[in-house]
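My numbering puts the sequence shown at residues 315 to 621.
Note sheet for the following structure.
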Amino acid sequence: MTGAMNNRARLAKELEAFPVRWKPGQRMSELTSLAVGGPADVVVIEDPQCLPDVVHFFRSKGIPWRLLGGGSNLLVRDEGLRSIALQLAPERNGVLFDGPRVEISAAASLGTAVTRCAKNNLGGIAGLVGVPGTVGGALHMNAGAYGTQIGEFVKAVKVFRGSTGEIEVLKPEGIRFEYRQTSFAADDIMLSVTLELIERPYERIVERIKQCNQKRRASQPISEKSAGCIFKNPPGYSTGKMIDDLGMKGMRMGGAMISDRHANFIVNRQGATASDIFRLMDVMRERVGKSFGVELEEEVIVWRESP
Ligand code: EPU
């Protein structure tokens with residue numbers, strides 16, 4: 315047995331003390347919607363209450379970790395991950411209603427949460443229905459679509475602070491929500507969020523959900539493997555339109571292609587690698603910079619660490 319294998323076997327044994335599932339050598343290509351990325355050791359936390367203990371354990375051993383959400387806005391290198399990928403198991407009863415307020419666990423799927431709220435006559439967030447991923451991931455980057463950003467509805471966030479190892483409940487005044495970014499740190503782990511929504515009849519909310527779904531189907535490659543928009547829209551510009559105007563739709567690098575439906579999406583057409591995607595992103599960045607004089611900023615979260 316090699317030293318690395320010995321270490322991992324020891325780690326697996328030590329983790330038996332916690333309510334977690336140890337899943338060594340998982341291919342990130344199977345855990346991300348872009349379907350690229352090499353191996354990572356994943357630890358699924360079954361009980362969020364034990365999160366502080368698990369993080370403390372990794373800290374005490376000097377083992378780096380990262381939080382893996384739904385993997386729908388994530389690009390991982392082909393070499394994989396040296397850090398442990400921590401994942402919160404979804405809670406069965408992850409949505410709790412109290413009048414116009416709803417507390418949702420961070421590991422819940424955002425789309426499912428939106429429809430469960432609709433069934434309880436709570437609307438306002440219908441625009442978010444087609445945004446893939448978890449509620450925690452959406453919160454971390456203030457996900458938005460069709461004029462709605464999740465941050466606008468936040469009344470409280472229960473968060474595990476990676477920096478202090480403490481759980482805190484933050485009020486909206488203590489959080490900065492901006493376009494696709496927030497004041498949360500990379501090692502803050504969302505546990506749950508309380509939203510205050512708008513009381514509306516179910517039928518009206520469903521009508522809005524249908525409209526948004528239709529728009530999304532018409533303009534985005536929703537049935538293909540992607541991470542949504544790859545770059546943010548610089549103020550006053552649409553990145554998709556700029557790349558489209560440059561005639562770059564359909565451009566390929568290996569198995570990756572700029573979507574022919576929406577030019578700010580890279581789709582994994584045929585066994586793309588992360589490096590195909592990085593190469594395509596470089597060309598997009600360079601050509602947009604040269605022609606429009608704007609610097610594109612990544613919207614997709616990139617785990618760049620070397621193994
Ligand atoms: N356009 C083109 N060609 C393209 C793409 C877009 O000409 O290939 C034009 C459209 O015709 C439209 C304009 O550009 O006039 C804006 O396009 P769209 O309405 O699709 O919106 P977007 O700015 O490209 C943003 C978000 C999406 C979100 C939609 C709907 C960003 C980077 N993108 O896209 O979010 O779903 O609005 O609200 O903010 C994501 O976050 O991953 C994402 C996809």
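Each residue gets a CB set at the ideal place from its N, CA and C atoms; glycine is no exception.
Note that the structure is predicted; figures quoted are calculated from it, not measured.
Roughly how many angstroms separate the alpha carbons of Pro621 and Pro378, rounded to a whole number? For Pro621, the predicted structure reports a pLDDT of 43, less than 50, and the residue's modelled location is therefore unreliable. A value from the coordinates is still provided. Looking at the two C-alpha atoms, the distance is approximately 11 Å.
Taking only runs of the beta strand (DSSP E) that begin and end inside the segment 328-381, which ones reach a length of at least 3 residues, in chain order? Taking only runs of at least 3 residues, the beta strand (DSSP E) segments lying wholly in the segment 328-381 are 334-341, 353-359, 379-381.
Report yes if the CB atom of Leu400 is closer than 9 Å to the CB atom of Gly351, and no otherwise. no
Taking only the alpha-carbon atoms, compute the straight-line gap between Glu482 and Glu330 and give it to the nearest angstrom. 27 Å
Thinking just about the alpha-carbon of each residue, which of Gly444, Ile580, Leu453, Phe411 is nearest to the one in Ala421? For the set Gly444, Ile580, Leu453, Phe411, the Cα lying nearest the Cα of Ala421 is the one of Leu453.
Anticipated Cβ contact below 8 Å, Phe467 with Ile439, distance rounded: 6 Å
Taking Ala577 and Asp590 to be in contact with their CB atoms under 8 Å, please state how far apart those CB atoms are, rounded to whole angstroms. Between Asp590 and Ala577 the Cβ distance is about 17 Å, and since that is not below 8 Å, they are no contact.
Tell me whether Ile439 sits in a helix, a strand or coil according to DSSP, three-state version. Of the three classes helix, strand and coil, the one that applies to Ile439 here is coil, per DSSP.
Taking just the CA atoms, how far does Glu393 sit from Phe592? 13 Å
For the segment 423-437 against the segment 352-372, are there 3 or more C-beta pairs whose distance is under 8 Å? no
Specify, as a first and last residue, the run of the alpha helix (DSSP H) that Gln584 falls within. Here Gln584 belongs to no alpha helix (DSSP H), and DSSP marks it neither H nor E.
Look at the Cβ atom of Ser540, then the Cβ atom of Asn582, and state whether they are nearer than 9 Å. yes
Determine whether the beta carbon atoms of Leu424 and Gly465 lie at a separation below 9 Å. At a Cβ-Cβ threshold of 9 Å, Leu424 and Gly465 do not count as neighbours.
Suppose you measure from the CA of Leu560 to the CA of Arg601; what does that come to, to the nearest Å? Distance between Leu560 and Arg601, taken at the CA atoms: about 8 Å.
Would you tell me roughly how many angstroms separate the C-alpha atoms of Leu402 and Gly383, rounded to the nearest one? 8 Å
Provide the residue(s) that pair with Phe606 in DSSP beta bridges, ordered along the chain. Per DSSP, none; premise fails for Phe606.
Name the DSSP bridge partner or partners of Ile503? Phe474
Is there at least one non-hydrogen atom of the ligand EPU closer than 8 Å to the beta-carbon of Thr448? Not one heavy atom of the ligand EPU is found less than 8 Å from the C-beta of Thr448.
For the beta strand (DSSP E) that contains Ser552, what are its first and last residues? Taken as a continuous stretch (DSSP letters only), Ser552 belongs to no beta strand (DSSP E), as it is neither H nor E.
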